[in-house]
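So the sequence lines, in the order shown, correspond to chains A and B.
Residues 12 to 380 in this note's numbering are what the first sequence spells out, letter by letter.
Residues 235 to 522 in this note's numbering are what the second sequence spells out, letter by letter.
Cβ coordinates follow ideal geometry from the N, Cα and C atoms, glycine included.
As the structure is a prediction and not an experimental result, all values here were calculated from the model.
Contents: one structure, followed by commentary.
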Amino acid sequence: MSIELKSATKVYGSLTAVNAVNLDVQDGEVLCLLGPSGCGKTTTLRMVAGLEATDGGDVFIGGKRVNDLAARDRNVAMSFQFYALYPSLTVAENLAFPLHAEKHNAQVIEQKVAETSRVLQLDGILNRLPGQLAEGEKQRVAVGRSIVRDPTCFLFDEPLSRLDVQLREEMRGEIKEVLQGLSKPTVIVTHDQLEALTMADRIAVMRDGRIEQVDTPHNVFARPANLFVAGFIGTPQMNLLACTFEGMKGSAEAEFSINGQNNITLDSSQASPSDSLSQLPAGSAVTLGVRPRNLQLVSETSSSSITLSVDLIEPMGAETLAHLRNDQNSLRVVTDWKVPIDEGESVHVQFTKGTTHVFTEDELLLTTL
Amino acid sequence: MAKQREIGKAGWGRSLFAGIVGFVYFFPVLWIILTAFKTRTDALEIPPKFLFSPTLDNFRSVFFRASISSDSSQATNFILYFFNSIFIAGTAVLLALIIGTLAAYAFSRHPLRGNDTYLFIILTTRMMPPIVVIIPIFLMFRLTGLAGSYWGIILLYTAFNIPFSVWLVKSFFDELNPEIEDAARMDGSTDWRVFFGMCIPQIYAGLAATFVFGMILTWNEFLFALLLTGVETRTVPVAMARTLGGEVGVDYGLLAAIVTLFLIPIFFVTFLLQNQLLRGVTFGTVKK
Numbered sequence: 012m013s014i015e016l017k018s019a020t021k022v023y024g025s026l027t028a029v030n031a032v033n034l035d036v037q038d039g040e041v042l043c044l045l046g047p048s049g050c051g052k053t054t055t056l057r058m059v060a061g062l063e064a065t066d067g068g069d070v071f072i073g074g075k076r077v078n079d080l081a082a083r084d085r086n087v088a089m090s091f092q093f094y095a096l097y098p099s100l101t102v103a104e105n106l107a108f109p110l111h112a113e114k115h116n117a118q119v120i121e122q123k124v125a126e127t128s129r130v131l132q133l134d135g136i137l138n139r140l141p142g143q144l145a146e147g148e149k150q151r152v153a154v155g156r157s158i159v160r161d162p163t164c165f166l167f168d169e170p171l172s173r174l175d176v177q178l179r180e181e182m183r184g185e186i187k188e189v190l191q192g193l194s195k196p197t198v199i200v201t202h203d204q205l206e207a208l209t210m211a212d213r214i215a216v217m218r219d220g221r222i223e224q225v226d227t228p229h230n231v232f233a234r235p236a237n238l239f240v241a242g243f244i245g246t247p248q249m250n251l252l253a254c255t256f257e258g259m260k261g262s263a264e265a266e267f268s269i270n271g272q273n274n275i276t277l278d279s280s281q282a283s284p285s286d287s288l289s290q291l292p293a294g295s296a297v298t299l300g301v302r303p304r305n306l307q308l309v310s311e312t313s314s315s316s317i318t319l320s321v322d323l324i325e326p327m328g329a330e331t332l333a334h335l336r337n338d339q340n341s342l343r344v345v346t347d348w349k350v351p352i353d354e355g356e357s358v359h360v361q362f363t364k365g366t367t368h369v370f371t372e373d374e375l376l377l378t379t380l
Numbered sequence: 235m236a237k238q239r240e241i242g243k244a245g246w247g248r249s250l251f252a253g254i255v256g257f258v259y260f261f262p263v264l265w266i267i268l269t270a271f272k273t274r275t276d277a278l279e280i281p282p283k284f285l286f287s288p289t290l291d292n293f294r295s296v297f298f299r300a301s302i303s304s305d306s307s308q309a310t311n312f313i314l315y316f317f318n319s320i321f322i323a324g325t326a327v328l329l330a331l332i333i334g335t336l337a338a339y340a341f342s343r344h345p346l347r348g349n350d351t352y353l354f355i356i357l358t359t360r361m362m363p364p365i366v367v368i369i370p371i372f373l374m375f376r377l378t379g380l381a382g383s384y385w386g387i388i389l390l391y392t393a394f395n396i397p398f399s400v401w402l403v404k405s406f407f408d409e410l411n412p413e414i415e416d417a418a419r420m421d422g423s424t425d426w427r428v429f430f431g432m433c434i435p436q437i438y439a440g441l442a443a444t445f446v447f448g449m450i451l452t453w454n455e456f457l458f459a460l461l462l463t464g465v466e467t468r469t470v471p472v473a474m475a476r477t478l479g480g481e482v483g484v485d486y487g488l489l490a491a492i493v494t495l496f497l498i499p500i501f502f503v504t505f506l507l508q509n510q511l512l513r514g515v516t517f518g519t520v521k522k
């Protein structure tokens, strides 16, 4: 089984909610659709579910084109953001509901409900109504209702957004465990990057109805395809500095001037891809992106460091987030909490090798130095 | 339940105030009921009597009228009129509720282009006083032969109740979480099963409230009933008005007895659905 979208498009009046999205999810793979609210990720999910008709492009499930198939005939299991438990049915009846539609006999239904409730520890609450359940229990029942039958694929819409932080962490692990046992294509919609990074095999980052990047959680984080992904993934947010590329210094060093000031020379010997920078004409406008954790405070100024003063300090427990600023630029730096640092102090910040991303003027990743 | 405890929290002062206001509102009803048990002399006494020896004569004469010329009493048609009132109002309100609920679901879930305009147009039929449309309706009834028939007055009451039903029931559907319907669809339900199995059970309270409100309006309707019912299909309000004349002036005791009997079905329906009604009226005002 697999899910495949080919230039799937959804238009509401003058708004293109989903714009020619291409995706494929393989058997046993968990794909997270990640993006800010209103980016079209839920709409994309609903098109797979059959709850929204496509205005263009095709949806394939298990190799079969399902554009004209009603939701009830697609055999897709979906768990909803607000759980959508049937309020007049007990937990057991909620779990049994999809099985009744598949016309199993009572014995099979009972057995499957019992099995699911055991996996999700719902045994104690089978006779309760949804209104009497705690948030975490509701979430479990919602998951249970989607895994009780044998669908072609699983869809989750913001599965953890209604839970508090502690419960969220707990359920994240639990859902991941359940999903691993299912080996079906799964799509999870979320706006929480931590959720996506922890649960997904691959992440599709969306913006304004378009897919910006589809890759493994590590690659989305370590090699963002463009400025949007770079700024969206990772907390604290990546530092993005508007620069001018001054040209190569020798074969292994690239020189940038940040906001027309603060010239900086970075080692490009291990740039990947390696030759793209040398083909860039000198004087081109670029953006340098570097994560706050990849900047180092050093005692000596050098050609690959800039000097700023400490504007604000936010202790974050094991680490400290420092907001730095000079006349033209501001940077966020995360250091170990033990590093002594004071507001007003002047510090030198060093770029580390292999972590500085160079984005061209059209916002695409050129290379990583 | 936490809700119930809160009622006691209002305190004596407020409870007393609410009690007084309630009594003022209920007093006319109480007066009517008392009058129904009074003799003609007691009923007309000034100052009004609160202590009197009750009699059931008025109730007897609702159904059996003593004739002046002979000693034998003659059955009135009031049993038929009560049946007519219950049958006509009940059928009409139920029909309006069924049609209104189907329409409301469509308006709520499958909005048309210009949905609000349609809804507004539906409501305009309730904006003018009924007297304005009585002549065309009377002519239509004459032309179609519906005048004086059960179906005629039932259809008319149904038509008058539909806008109200559509608006009220739509507001209940609007409050529902559409995800539940989506979930039922994903779980293999047809549209009919989603509607009857998922949506309707969630708004029972709202439907009950709509039924009661419609029932009260229709039950008391006088103008159309006066002009469009015949001898066989006459409703209680019309029959009541006809007793007003009489040979010996207005028989207040008789009138009060009819009204008292007339109140019973509505009291009964309202009490039966009281819990549903409360939930229906407060639908959506409670945090989900």
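Check: Cβ closer than 8 Å: which chain B residues qualify as neighbours of tyrosine 97 of chain A?; Outcome: Ile414, Ala417, Ala418 and Met432
Check: Whole angstroms are fine: how far does the CA of aspartate 66 of chain A sit from the CA of aspartate 79 of chain A?; Outcome: 12 Å
Check: Proline 141 of chain A: which of A:His229, A:Leu100 and A:Val130 sits nearest, CA to CA?; Outcome: A:Leu100
Check: Counting only the same chain and skipping the five closest in sequence on each side, list residues whose C-beta sits under 8 Å from that of alanine 442 of chain B.; Outcome: Leu507, Gln510, Leu511 and Gly514
Check: Name, please, each residue of chain A whose Cβ falls closer than 7 Å to the Cβ of aspartate 421 of chain B.; Outcome: Phe108, Pro109 and Ala112
Check: Mind listing the chain B neighbours of alanine 82 of chain A? Cutoff is C-beta to C-beta under 8 Å, in chain order.; Outcome: Asp416, Arg419 and Met420
Check: What separation, rounded to the nearest whole angstrom, lies between the Cα atoms of serine 25 of chain A and asparagine 33 of chain A?; Outcome: 21 Å
Check: Determine the contact status of glycine 51 of chain A and alanine 81 of chain A, defining contact as a CB-CB distance below 8 Å.; Outcome: no
Check: Taking 8 Å as the threshold (beta carbon to beta carbon), is phenylalanine 91 of chain A in contact with chain B?; Outcome: yes
Check: So which residues of chain B does valine 200 of chain A contact, with C-beta pairs closer than 8 Å?; Outcome: Correct list: empty, because the minimum Cβ distance to chain B is about 13 Å.
Check: Tell me the rounded alpha-carbon separation between lysine 237 of chain B and tryptophan 246 of chain B.; Outcome: The pLDDT assigned to lysine 237 of chain B is 48, lower than 50, so where the model puts this residue is not dependable, and the model offers no usable value.
Check: What does a CB cutoff of less than 6 Å around isoleucine 222 of chain A pick up in its chain, not counting 5 residues either side in sequence?; Outcome: Val32 and Ala215
Check: Answer yes or no: do glycine 300 of chain A and leucine 251 of chain A have a C-beta to C-beta separation smaller than 8 Å?; Outcome: yes
Check: At a Cβ threshold of 8 Å, is proline 345 of chain B touching chain A?; Outcome: no
Check: Can you find a CB in chain A that lies within less than 8 Å of the CB of methionine 235 of chain B?; Outcome: Only weak support is given to the placement of methionine 235 of chain B: the predicted model assigns it a pLDDT of 40, under 50, and the question is left unresolved by the model.
Check: What do you reckon, are the CB atoms on alanine 253 of chain A and asparagine 270 of chain A nearer than 8 Å?; Outcome: yes
Check: Using a Cβ-Cβ cut-off of 8 Å, state whether valine 59 of chain A counts as contacting chain B.; Outcome: no
Check: Is the stretch 99 to 118 of chain A close to the stretch 165 to 174 of chain A, with three or more CB pairs under 8 Å?; Outcome: no
Check: Taking just the CA atoms, how far does proline 196 of chain A sit from glycine 39 of chain A?; Outcome: 5 Å
Check: I need the straight-line Cα distance from valine 345 of chain A to arginine 213 of chain A, nearest angstrom please.; Outcome: 27 Å
Check: With a Cβ-Cβ cutoff of 8 Å, do tyrosine 391 of chain B and alanine 326 of chain B count as a contact?; Outcome: yes
Check: From what residue to what residue does the alpha helix (DSSP H) around histidine 111 of chain A run?; Outcome: 102 to 112
Check: How far does the alpha helix (DSSP H) with phenylalanine 267 of chain A in it reach, from first residue to last?; Outcome: From DSSP, phenylalanine 267 of chain A is part of no alpha helix (DSSP H) but of the beta strand (DSSP E) over 264 to 269.
Check: Taking only three categories from DSSP, how would you classify proline 471 of chain B?; Outcome: helix
Check: Report yes if the CB atom of tryptophan 348 of chain A is closer than 8 Å to the CB atom of threonine 331 of chain A, and no otherwise.; Outcome: yes
Check: How would you list, in chain order, the residues of chain A whose beta-carbon sits under 7 Å from the beta-carbon of asparagine 411 of chain B?; Outcome: Phe93 and Ala95
Check: In chain B, which residues lie less than 9 Å from alanine 88 of chain A when you measure between Cβ atoms?; Outcome: Met420 and Asp421
Check: Let's see if you can read the secondary structure: which residues bound the beta strand (DSSP E) around valine 387 of chain A?; Outcome: Look at the range of chain A in this structure, 12 to 380, and you will see that residue 387 of chain A is not part of it.
Check: Helix, strand or coil for glycine 334 of chain B? Go by DSSP, reduced to three states.; Outcome: helix
Check: If I follow the unbroken beta strand (DSSP E) through glutamine 224 of chain A, where does it start and stop?; Outcome: 221 to 226
Check: Answer with yes or no whether the minimum CB distance from leucine 62 of chain A to chain B is below 8 Å.; Outcome: yes
Check: Going by DSSP in three states, glycine 67 of chain A sits in which element: helix, strand or coil?; Outcome: strand
Check: Does DSSP put tyrosine 339 of chain B in a helix, a strand or coil?; Outcome: helix
Check: Starting from the Cα of alanine 88 of chain A, find the closest Cα among B:Ala340, B:Ala459 and B:Gly422 and give me that residue.; Outcome: B:Gly422
Check: Could you name the residues of the same chain whose beta carbon sits closer than 7 Å to that of threonine 469 of chain B, not counting the 5 residues immediately before and after it, in chain order?; Outcome: Tyr315, Asn318, Ser319, Ile322, Ala459 and Thr463
Check: Can you give me the C-alpha to C-alpha distance between methionine 182 of chain A and phenylalanine 407 of chain B, rounded to a whole angstrom?; Outcome: 32 Å
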